[in-house]
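The block underneath contains the structure these notes are about, expressed in structure tokens.
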Amino acid sequence: MGKFSKKSIKKYYLKKLNRFRNYFLFPAVKQTNITRNRVLFTEFTLTKMSHHMFRVPYRPENKIKIIFIFQAASFWPSWESFWEACQQDDRFDVQMYVCDDPIKEQIQFKSARAFLDNLGIKYAHISTVNLDELKPDVVVLHTPYDGGHRPKYLHGNRLTASGYRVIYITYGIEISDTDGARSDHFTASVTTTAWRVYTFSQEMIPLYKKFSPTGGDMVRAIGHPKFDGLVGGKFNSFPEDINNLINGRKVVLWKVHFPKIVAGHQITPSINEYLQFAKNISQYEDLFFIFMPHPKFYEQLEKFANVSDFRATLDSAENVHQYFEDDYRAVLLNCDFYMIDRSALMIEAGVTGRPILYLHNNAYDEPMTPPVQHIIDSYYKAHSYEGMDSFIQDVIYGEDYMKIERDDAFHKIIPFLDGNNGERIKEDIITSIMKEK
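Put into structure tokens, the structure is as follows:
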């Protein structure tokens, strides 16, 4: 066929896909609506061609070669049951690789290797393998953020353009519905070009179909693996060191995000409110508090307050323990009450059926995706030290008068709590591959 051979045509379109993909997601200049529409059409066309024409063909006589590119230890719950399901299925050849390159994001990746070592999972660094030689059927990515998280050859568009079936399981909950968050959720390189995206709720599907430039047909909502680890009694007690400190008291989880600015507005409560509560926390001597900060909390706190003073205030309280471990589930599932600002844990805590206080900034209400908004509308709310104290006085020392409303909202949005979400995702992958022509 000369210069118009199938191989040359494929090479030409793969080059075009990469070029256009980088252009329309990270444009050098502001695009007009006409230009944007042309680019989106190009994205749609080239992504579909990658999925249907250039994809590495699966050979039925072989096992499905699936590689996991591990990055953040704290994201492990989003993979755990899926990883185990693949490991236990003889139809898969499963391999784990670590990508902890110090590109931009470092704090959340620094414990990746030690975490896998503790689990006894064998792995290699992704830089030691040539993907073109390995020819994986499926590549599972840990995060959707290409630019600050992975070297360019592991960007979602490049993996897809190379013919690999890219899978992304949302590492958390798609919480925010701001313009920036919509870009992360629906138009980022990974979530746009992936072969499959698995989200936490069926209620998210219409949003993907509305905003995704490639149509959202790759998105599935058949249960999220992180909920598998929250049911079934796998974590039925606190870590022993914490249990010794509790001394029979009721336990309150105080989970905080790092101080976060969105569109010029701080969406998490004022640090001054948190500091005031910290200074008064010792007065609740019959309660025990576990303070669980986001991995970047103290790093970001430097922009707002004296970090040493904040840490010292909590460390000096007899009824407080600061928890910094990557796996939060043993703590999450065994607390009696929750005070949580914007975090995936504010949704995951709903598994327990226990009282939840949602902490927010009174000056600005962060837009939430509809399924998340539906759940947090059933929570208690506060934005200040006084509101946190009222939750303690009225609910912890009083009555959980919103329990029925809260449970109904949670189970409507999160229906799959049978512990088999990882298994369902694995079977969906197998079925989809076997249907390919």
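Just so we're aligned, residue 0 is where the sequence shown starts under numbering that gives the first Met the number 0, counting upward by one.
A virtual CB, placed ideally from N, CA and C, is assigned to each residue, including glycine.
Check each candidate in the options and name the one with the smallest Cα separation from residue i.
i	options	result
His223	Ile346, Lys249, Phe287	Ile346
Leu513	Ala84, Phe276, Asp227, Lys402	With the chain covering 0 to 436 only, the question about residue 513 has no answer from this structure.
Lys293	Phe108, Ile260, Val255	Lys is not the amino acid found at residue 293; the sequence shown has His there. Measuring from the Cα of His293, the nearest candidate turns out to be Val255.
Thr198	Asp335, Ala220, Ser211	Ala220
Gly147	Pro369, Cys98, Thr312, Ala113	Cys98
Pro143	Asp136, Gly155, Lys151	Gly155
Leu140	Phe67, Glu79, Asn129	Phe67
Thr312	Phe290, Gln87, Pro56, Glu422	Phe290
Spatial neighbours of residue i within its chain, please: CB distance less than 7 Å, with the 5 preceding and 5 following residues excluded, ordered by chain position.
i	result
Leu332	Leu229, Phe234, Thr351
Ile391	Tyr283
Pro26	Any reading at Pro26 must be qualified, since the residue scores a pLDDT of 41, below 50, and its modelled position is unreliable; the value itself is stated next. No residues qualify anywhere along the chain.
Met217	Ala193, Trp194, Arg195, Val196
Glu202	Pro369, Pro370, Ile412
Reducing DSSP to helix, strand and coil, say where residue i ends up.
i	result
His293	coil
Gln70	coil
Trp75	helix
Ile339	strand
Phe288	strand
Asp216	coil
Asp417	coil
Trp194	coil
Ile65	strand
Lys249	strand
Tyr163	coil
Tyr384	helix
Look at the alpha carbon of residue i and the alpha carbon of residue j, and state the distance between them as a whole number of angstroms.
i	j	result
Asp145	Val394	43 Å
Phe296	Thr267	12 Å
Val93	Ile280	48 Å
Asp89	Arg58	15 Å
Phe185	Leu344	22 Å
Gly437	Val319	No statement about residue 437 is possible, as the shown extent of the chain runs from 0 to 436 and does not include it.
Asp388	Ile375	19 Å
Asp340	Val250	17 Å
Ser161	Leu133	12 Å
Lys278	Glu272	10 Å
Asp407	Ala304	39 Å
Tyr400	Pro354	9 Å
Val306	Ile429	49 Å
Asn420	Ile412	15 Å
Lys302	Ala71	24 Å
Tyr379	Asn360	14 Å
Ala187	Trp194	14 Å
Assuming residue i contacts residue j (C-beta within less than 8 Å), just tell me the rounded distance between them.
i	j	result
Thr190	Tyr170	With a Cβ gap of about 12 Å, Thr190 and Tyr170 do not count as contacting.
Gln299	Pro258	5 Å
Lys62	Met95	That belief does not hold up - the Cβ atoms of Lys62 and Met95 are roughly 16 Å apart, past 8 Å.
Gln446	Tyr384	Missing from the structure shown is residue 446; the chain here goes from 0 to 436 and no further.
Ordered along the chain, which non-local residues of its own chain (more than five positions away) have a Cβ less than 8 Å from that of residue i?
i	result
Ala262	Thr177, Asp178, Gly179
Ser236	Asn242, Ala329, Asn333
Ile125	Ile68, Tyr96, Val97, Cys98, Leu153
Ala362	His264, Gln265
Is residue i near the ligand GTP, in the sense that its beta carbon is under 7 Å from a heavy atom of that ligand?
i	result
Asp326	For the structure depicted, the ligand GTP is absent and the ligand set is empty, with no information on it obtainable.
Kindly list the residues whose CB is nearer than 6 Å to the CB of residue i, restricted to its own chain and excluding five residues on each side of it in sequence; keep chain order.
i	result
Gly215	Tyr207, Lys208
Gly349	Phe409
Would you verify that the beta carbon of residue i is, or is not, closer than 8 Å to some beta carbon of chain C?
i	result
Gln265	Within the model displayed, chain C is absent; a lone protein chain is all it includes.
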